[in-house]
Every structure is written in C-alpha cells, then in structure tokens.
Amino acid sequence: MHNGTSLTQFIIEQQRKIPGATGDFTSLLNDVVAACKTISHAVNRGDLIGVLGTAESENVQGEVQKKLDIISNEVFLKSMEWTGHLAAMASEEMDDIYPIPAQYPKGKYLLTFDPLDGSSNIDINMSVGTIFSILRAPEGVENPTEQDFLQPGTEQVAAGYALYGPSTMLVLTCGHGVNGFTLDQGVGEFILTHPDMRIPESTQEFAINMSNHRFWAEPVRRYVDECIAGEEGPRGKNFNMRWVAAMVGEVHRILTRGGIFMYPWDSRDPSKPGKLRLMYEANPMSMIVEAAGGMSITGTERILEIRPEGIHQRVPVILGSKEEVERVAQYHSEAAAAA
Ligand code: F6P
Ligand code: MN
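In the numbering used here, the protein residues as written are 312 to 650.
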C-alpha cells in the first residue's frame, strides 16, 4: 500500500497557494484525470471488452481510426461537456471544434486533446497515451470558434499526458515544474511518485523513425549520422537508439532519463510540414519538456512561440535534452547560413 500524496490532494494544495483561486481550474483538472482513468481501464481490458481493432472511419487527417481512438474521444467529451468548466473542446479525432451542448453551463477554459496517442500500438499491446492542453477562452467569448483556440503554446495554462504502460501514469505541469503520478489500480487514485521531474541536459540516446532517413533535411541527417558514427565519429561517443512509436512514451522516457526525440520535416509529402499536430501534441509536450528544463523546437524556431493557423496544423518536432536540441538548432542555422 502506497501512502503518498494523491493527485487530488496535490492539485488542491497547489490551488491554495494561488490567492483568489476559485477552485474552477482545480475541478477541471480533476475531471480530466477522471477521464484518463476511464480510458486506462478500457485500454487495460483490451480484447476482453472487444475494443481492439479498426473502426470503419478515417479522421480529418486521413488516418484510419481505431475503435479505441473513437471510444477515448467519446470518454473525454462525455466526461468534460457537463462540468461547467469548458467553453469548447477540440481533438485529433474531430474535424471541427466541439461546442459545449446548450443544456450545460459554459466555463472559461478551452481543452484540446489527443485521446489516444500512438494508436498503432493498441493492437500489439504496447504503450499508448492521452495528451491534453488547457487554454483560457478569450475574455467575454461565450461561444468560441476555431479562431479562439489558435493561441501560441506559451498561453497554455496547463498541459499533461497519461501513459498507459505497464503502469498507468499521469504527468502534469501548470508551468512551474513537472510532476508524475502513478495510478494505484486498487484504490483508483493517482499517487505522486515522480516529484519535480527534470530532463538531464546531456544524453547519449536519440529517437527518430530511421526509415525516413532518405527524406530528411540535411541538418537532421547530419545530426543523426554523427550519432551513429559513434566513438570514431565527430561526436567521439557512442549513442543508443529507441523508438516507442508513441510520442507519449518517448517524452516519458526523456523525462525519466534524458534523450532527444525527433519527428522532423521530411520530403515525403510536401503539403505536410511535419507529422505531429501542434495544438494537442507538440504544444502540450513542449510545455512539459520546457518546464522540466529541456528544449523543444521545429529546427528553426521554438514550438511554444508558433502562432497557430489551424486546429489540426502539423509541425516538425525536435525535443528533449538541452545540449542535443541546441546542437540540432545550430546545425539548422549553419545550413541556412551556408545557403
Ligand atoms: O500521433 C502520431 C504518432 O503516433 C506519435 O505518437 C508517434 O511518435 C508517431 O506518430 C509514430 O510515427 P511512425 O508511424 O512514423 O513511427
Ligand atoms: Mn498522437
């Protein structure tokens, strides 16, 4: 039996430190946490409750939806729509933003989420996760439009993810520090197990989908080739490689022991500036990574400062241990200078 601080207690104690806090935000966070517990339960029971496999639909990005993508999206909508804390939601699995139904009171926050990240892992019983980001609705806006969501990541009030791995974890930041909680399945509570997570500044581990090597831009190729060259190469040290194929898993590994994760621009499809989505993948993860002392860029700019142009906008992502991300940024500026 673990006797630590529960996530509920942690959030309430944080709230008490903020003069004038109404409890609205605390309650919103608790509702998000409850939705993640429900998804965790469904993911965990898997084929016993028939949730594996593909649904007969595609999302707005043209990706085939898994049954669990749709179920997780529904869980979030149904857990959050009635609470009175939100003005609207947006998710990877819905073409348009989701206004709060008329019968429910509206709140002052906006929620974006990727209900089930890494969903190609579902059917093979590997780690998946949920990513979420909380923004404030612009002052006086009762019925938000997509435009009201398009705020840079620096405006996020909170961001977090749930990782459904061997244990279910929830990692959260409200801007100051990052804390990790492990779900005690027996009592249904998340317990603080990873206080103040910090990303080591240096690392010898990288994560990238190597099968895209021939499509990358020169600075990314240079960086990865130098890692692979190891002790005999210009870096003078050996590197290790990992690929979970779920961003939540990669970010969690980096928060735990350092590393660099890249889903960079590549030339496969000129209409796509990257694979990952800004509003519910790159921005929340960048907020977490920066709050833990790491860095997150596209190659040439800080992700959190991008002015979004669409709710499903894609961006290149390079994040993790500071020294390595700085090096990739430097290779990008050297390439630009040479051109
Ligand atoms: O959400 C997109 C995503 O599943 C990420 O979680 C993951 O990092 C990436 O795609 C995996 O991409 P690939 O299929 O190229 O390995
Ligand atoms: Mn995803």
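Note that beta-carbon positions come from the ideal geometry of N, C-alpha and C, so glycine has one too.
Distance check for residue j and residue i, CA to CA, integer angstroms please.
i      : j      : result
Phe336 : Met521 : 41 Å
Ser438 : Ser317 : 23 Å
Ala346 : Ala603 : 25 Å
Tyr472 : Gly440 : 7 Å
Ser597 : Gly334 : 26 Å
Phe460 : Leu340 : 19 Å
Met508 : Ile565 : 10 Å
Gly373 : Gly560 : 23 Å
Gly491 : Gly331 : 26 Å
Gly451 : Ile408 : 18 Å
Gly621 : His505 : 34 Å
Spatial neighbours of residue i within its chain, please: CB distance less than 7 Å, with the 5 preceding and 5 following residues excluded, ordered by chain position.
i      : result
Ser578 : Phe526
Ile608 : Ile614, Ile629, Val636, Ala640
Glu404 : Asn370, Gln376, Asp380, Ile381, Asn384, Pro426
Under 7 Å, do residue i and residue j count as touching if we go by C-beta distance?
i      : j      : result
Pro530 : Tyr642 : yes
Glu512 : Glu634 : yes
Pro595 : Ala470 : yes
Ile659 : Tyr420 : Any question about residue 659 goes unanswered here, given that the chain covers just 312 to 650.
Ala399 : Thr423 : no
Arg625 : Pro584 : yes
Phe550 : Gln496 : no
Ile571 : Gly631 : yes
Ala557 : Asp406 : no
Ile502 : Gly315 : yes
Leu587 : Tyr574 : yes
Ile323 : Val489 : no
Trp576 : Ala650 : no
Gly418 : Leu397 : yes
Leu474 : His563 : yes
Ser478 : Thr456 : no
Would you kindly report the start and end of the unbroken alpha helix (DSSP H) that includes residue i?
i      : result
Ala647 : 633-649
Lys378 : 378-391
Asp536 : 529-540
His505 : From DSSP, His505 is part of no alpha helix (DSSP H) but of the beta strand (DSSP E) over 500-505.
Gly440 : Segment 439-447 is the beta strand (DSSP E) holding Gly440; no alpha helix (DSSP H) there.
Just checking: is the beta-carbon of residue i within a distance shorter than 7 Å of some beta-carbon in chain D?
i      : result
Pro619 : No chain D is present in this structure, which holds just one protein chain.
Would you mind reading off the limits of the beta strand (DSSP E) that contains residue i?
i      : result
Phe460 : No beta strand (DSSP E) contains Phe460, which is instead part of the alpha helix (DSSP H) from 457-460.
Ile360 : Element bounds for Ile360: n/a, residue is neither H nor E.
Tyr475 : 469-475
Gly601 : Note on residue identity: the sequence assigns Glu, not Gly, to residue 601. First-last for Glu601: 594-602, but that is the alpha helix (DSSP H), not the beta strand (DSSP E).
By Cβ distance, which residues of its chain are closer than 6 Å to residue i, with the 5 residues on each side in sequence left out?
i      : result
Trp554 : Ala518
Gly476 : Ser438
Tyr534 : Val639, Tyr642
Starting from the C-beta of residue i, find all residues in its chain whose C-beta is less than 8 Å away, skip the five residues before and the five after it, and write them out in chain order.
i      : result
Glu645 : Pro530
Gln326 : Ala332, Gly334, Phe336, Thr337
Starting from the N-terminal end, write out each residue whose C-beta falls within a distance shorter than 5 Å of any non-hydrogen atom of the ligand MN.
-> Neighbourhood of the ligand MN, defined by CB distance below 5 Å to any of its heavy atoms: Asp425, Asp428, in chain order.
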